[in-house]
Each structure stands twice: as structure tokens, then as C-alpha cells.
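Enquirer: In UniProt numbering, the protein residues as written are 1 to 331. By construction, the Cβ of each residue, glycine as well, lies at the ideal position given by its N, Cα and C atoms.
1) Determine the direct distance from the alpha carbon of residue 157 to that of residue 144, and round the result to whole angstroms.
2) Mind checking residue 241: buried by the 16 CB within 10 Å criterion, or exposed?
3) Please report the straight-line C-alpha distance between residue 99 and residue 136, rounded to a whole angstrom.
4) Please classify residue 187: is it buried, with 16 or more other beta-carbons within 10 angstroms of its beta-carbon, or exposed?
5) Where do the N-terminal and C-terminal ends of the alpha helix (DSSP H) with residue 159 fall, by residue?
6) Could you tell me whether the Cβ atoms of residue 198 and residue 239 are closer together than 8 Å?
7) Distance check for residue 226 and residue 130, CA to CA, integer angstroms please.
8) From the DSSP output, read off the bridge partner residues of residue 199.
9) Starting from residue 224, follow the beta strand (DSSP E) in both directions and report where the run begins and ends.
10) Where do the N-terminal and C-terminal ends of the beta strand (DSSP E) with residue 131 fall, by residue?
11) Can you give me the C-alpha to C-alpha distance between residue 152 and residue 211, rounded to a whole angstrom?
12) Spatial neighbours of residue 191 within its chain, please: CB distance less than 8 Å, with the 5 preceding and 5 following residues excluded, ordered by chain position.
13) Thinking C-alpha only, which one of 75, 128, 183 is nearest residue 118?
14) Considering only the alpha carbon of each residue, which of 237, 155, 253, 265 lies closest to residue 179?
15) Exposed or buried, residue 335, counting other C-beta atoms within 10 Å across all chains shown (16 or more means buried)?
16) Measure how close the beta-carbons of residue 96 and residue 123 come, nearest whole angstrom, since I'm counting them as under 8 Å.
Given below as C-alpha cells:
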């Protein structure tokens with residue numbers, strides 16, 4: 001019985017046919033047993049030939065992959081070979097977000113010590129003033145369930161006497177200054193301090209007013225566009241392309257993908273700054289929102305974190321990681 005009758009042995013060599021033949025032979029060895037001697041020898045010769053062809057592919061692929069890896073690592077350490085170094089007006093490794101009394105002048109002054117940049121969230125009042133505030137809705141900060149965009153500047157309520165520190169549950173900050181601050185006041189009081197303006201809402205008028213204020217105080221090189229939304233970032237850049245800008249959420253993920261694939265040294269980046277949370281400085285008493293604890297990725301990271309803690313503390317070794325997560329959700 002000839003194996004050619006069943007279409008097992010092709011007339012030419014092909015790695016695709018090799019895979020098909022091998023799978024077919026594994027399923028029914030009786031075909032080989034009933035085949036003639038010449039067909040058996042032909043099959044053995046063909047299989048060996050295909051193995052050599054595949055080995056020759058690896059002979060070229062592995063050196064190419066190794067060369068790519070070495071080139072990528074070298075260019076990652078020496079980016080100036082392919083890219084021109086960005087000349088920023090300042091270099092910052094520590095960004096202060098909000099401060100004790102959120103967006104008040106007193107709060108800004110309090111976190112100037114030891115920082116290289118102020119990170120401010122800006123919103124627009126009903127009468128067109130750019131206000132510094134982390135939240136658009138003022139319930140958490142003032143106790144009044146109203147939005148900044150629905151009120152005139154003079155109608156904004158005062159901050160609470162005490163505000164809980166986000167990353168240190170149970171600890172409260174206090175201050176004498178309870179009024180919301182204008183972005184212009186920050187520029188006037190801190191003319192040489194780099195400022196990161198985060199735009200959270202798709203509001204062209206807000207972007208335009210912030211840009212005009214930056215130009216008015218001649219600080220385009222000291223003020224950075226920032227937002228998590230890529231669409232908003234594009235509009236900010238169209239409003240003022242002279243100001244440097246930081247990575248959005250999507251661009252940050254792309255940056256990670258480029259880095260781990262080895263493509264980062266070959267891709268030019270328009271962003272000048274990258275800002276992110278430092279997990280090692282976040283107080284461990286911080287309790288995330290319940291919706292975050294229902295996210296599978298967050299649960300996975302928490303499990304890994306608890307596992308590391310268990311290795312360092314015998315008191316935690318009796319509990320499973322899921323026990324900690326369930327306790328957080330119940331709380």
C-alpha cells in the first residue's frame with residue numbers, strides 16, 4: 001500500500017506538510033506498518049529532511065533575535081544615538097499632588113518644601129474663572145453636593161474644617177485658609193515653580209483660558225499639560241503646542257508595551273514628562289474604593305502583595321490572600 005494514495009507524502013518539501021504528516025502518523029501507525037519498504041524509507045528520509053530545514057530556519061532566526069535584543073539594549077542605554085535629547089527648563093523627580101488643604105494657597109505653600117513641581121487639577125466656574133480643585137463635585141471637600149461649573153466664583157462654598165488624607169485613612173489635615181484658589185493666584189505667588197496642570201474635562205474654554213494665563217505669566221516652559229484622557233490631551237496640545245506635555249493613560253500603556261517588546265529605543269516620543277504613583281510611598285492604611293476591589297486585575301495585584309507580606313510576617317501566614325480581600329470589601 002502506497003502512502004501517496006492517502007495523500008500523506010507530498011511530492012515537494014514543506015514544513016506545513018511535515019506537521020500534517022506527523023499528526024497523521026501519530027493518529028494511525030497501522031498505515032506505516034502496512035506500507036511498503038520503499039514508502040517507509042521515503043517517509044523517514046522526508047521527515048529527516050524537514051527536520052534539517054526547520055533547524056536551518058532556527059540557524060538564521062536565533063542570531064537575528066539575539067542581534068535585535070543586543071541592539072535594543074544598547075540603544076536603550078544610549079538613546080542619543082537615534083534621538084535628540086529634549087531640553088526641558090527643569091528636571092523633577094518629586095511631584096506634590098494637592099496638599100494638606102487641597103487646592104488652597106496655604107496647601108500649595110505647605111507642600112513646596114522638598115518638591116520639584118506642583119500638580120494642580122483645574123476646573124471652570126460658571127462665570128469663567130479657572131479654579132484649582134481636585135474634584136468637580138464639591139461634596140467630599142465642602143459637604144455641599146454642587147459642582148464648580150454650576151456656581152460663580154463668589155458662590156463657591158468653603159472647604160471643610162478638616163479633610164481626611166487620601167493615602168492615610170483616619171488622619172486629617174487642617175488649615176486656616178478655606179477658600180478655593182484661582183490658577184492665576186498660584187502663578188503669581190509661585191512664579192518660578194514648575195506647575196503640572198491636569199485637565200480632567202473636555203472643555204475647550206478651560207484649556208484656552210489656562211493656556212492664555214500661562215502665556216500671560218511667561219511660563220510656557222515651566223507649565224506642563226497633563227490628563228489621563230488621550231483625546232483631551234490632543235486638544236490641549238492644539239490649544240498650546242509650545243507647552244510640554246506628559247503621558248496620558250493610553251500612551252503610558254503603549255510606553256510599557258514598547259519597553260517590554262524592545263521597540264522603545266526605535267520609537268520617537270513627543271512627551272517630555274512621565275508621572276505616576278510610587279507604590280512604596282503610599283501609606284498601607286489607604287483603602288481603595290469598593291469598585292476597584294471588584295476588578296480582577298486589582299485583586300490579582302492585591303493577592304501578590306499580600307503573599308509578599310506573608311513571607312515577611314509570620315502573623316499573616318495563617319490567612320489566605322482572599323481573606324484579606326474579603327475583609328477589605330466588607331469594610
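Expert: For this structure:
1) Residue mapping note: residue 144 aligns to position 144 of the chain shown, counting from 1. Residue mapping note: residue 157 aligns to position 157 of the chain shown, counting from 1. Rounded to whole angstroms, residue 144 to residue 157 spans 7 Å at the Cα level.
2) Residue numbering aside, residue 241 sits at position 241 when the chain shown is read from its first letter. Residue 241 should be labelled exposed.
3) The residue labelled residue 99 in the question sits at position 99 within the chain shown. The residue labelled residue 136 in the question sits at position 136 within the chain shown. Because residue 99 sits at a pLDDT of 49, beneath the cut-off of 50, its placement in the model cannot be relied upon, and the following sentence gives the value as read from the coordinates. Roughly 17 Å between the two C-alpha positions.
4) Within the chain shown, the letter at position 187 stands for residue 187. Answer is buried; the Cβ neighbour count reaches 16.
5) Counted from its first residue, the chain shown places residue 159 at position 159. Note, residue 159: premise wrong, no alpha helix (DSSP H); not H, not E.
6) Along the chain shown, read from residue 1 onward, the residue named residue 198 stands at position 198. Along the chain shown, read from residue 1 onward, the residue named residue 239 stands at position 239. No, Cβ-Cβ distance for residue 198 and residue 239 is not below 8 Å.
7) Numbered from 1 along the chain shown, position 130 holds the residue referred to as residue 130. Numbered from 1 along the chain shown, position 226 holds the residue referred to as residue 226. Using only the alpha carbons, I get a separation of about 16 Å.
8) Reading the chain shown from its first residue, position 199 is the one you call residue 199. Its beta-bridge partners are 122.
9) Indexing the chain shown from 1 puts residue 224 at position 224. Where residue 224 is concerned, the enclosing beta strand (DSSP E) stretches over 223–226.
10) Taking the first residue of the chain shown as position 1, residue 131 is located at position 131. Residues 130–132.
11) Numbered from 1 along the chain shown, position 152 holds the residue referred to as residue 152. Numbered from 1 along the chain shown, position 211 holds the residue referred to as residue 211. Cα to Cα, the separation comes out at about 21 Å.
12) Position 191 of the chain shown, counted from the start, is the residue given in the question as residue 191. Cβ neighbours of residue 191 beyond the five flanking positions: 217, 219.
13) To locate residue 118, count along the chain shown from 1; it is residue 118. Ranking the options by Cα distance to residue 118, first place goes to 183.
14) Residue mapping note: residue 179 aligns to position 179 of the chain shown, counting from 1. Selected option, being the one with the closest Cα: 155.
15) In this structure the chain extends from 1 to 331, so residue 335 is not present and cannot be described.
16) On the chain shown, position 96 is the one that residue 96 refers to. On the chain shown, position 123 is the one that residue 123 refers to. Rounded, the Cβ-Cβ distance is 19 Å, inconsistent with contact.
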